[in-house]
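Here is the structure we will look at, set down as structure tokens.
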Amino acid sequence: MKQIGDKEIFSVTEINAIAKETLELLTFWVEGEIAECEQISSYNFYKIILKDEKTILPCVVSGEILKGKQDTLRGKRVLVYGNLTLWEPRGQYQFR
């Protein structure tokens, strides 16, 4: 790690690792409407976009609970529990 005077200088990689570690400590409930729901490749994961009146929240869900139900879930209001995580290579967060 570099320094300028008494101030630490972090790399982009270090900042994303710190952000991921911090985000994953926070768990909470989120309420929103399912705007999109699709299976990710052949994996047992689903990409969901939750939205409200002003913004969206990308989410990832694992498990069989959504299999075959993707089309019926669009437009439904849901209450979900989880945490934020960060995909470090792109600096993008999502709820899981």
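Heads up, the sequence shown is in the working numbering, so the first residue is 121 and it goes up one at a time. Note that CB positions come from ideal geometry on N, CA and C, so glycine has one too. Treat the numbers as computed from the prediction; the structure is a model and nothing was measured.
Which residues DSSP lists as bridging residue i, in chain order
| i | result |
| --- | --- |
| I124 | K127 |
N- and C-terminal bounds of the beta strand (DSSP E) containing residue i
| i | result |
| --- | --- |
| N203 | R197 to W207 |
| G152 | T147 to Q159 |
Continuous alpha helix (DSSP H) stretch holding residue i: start and end
| i | result |
| --- | --- |
| K140 | V132 to L143 |
Coil, strand or helix - residue i by DSSP
| i | result |
| --- | --- |
| L177 | strand |
Alpha-carbon to alpha-carbon, residue j and residue i
| i | j | result |
| --- | --- | --- |
| E144 | Q214 | 10 Å |
| K140 | P209 | 11 Å |
| L170 | N164 | 19 Å |
| C179 | G202 | 10 Å |
| Q212 | N136 | 9 Å |
Closest Cα partner of residue i within the set the options
| i | options | result |
| --- | --- | --- |
| V200 | R194, V181 and P209 | V181 |
| L204 | L146, G125 and E128 | L146 |
| R216 | F130, F148 and I129 | F148 |
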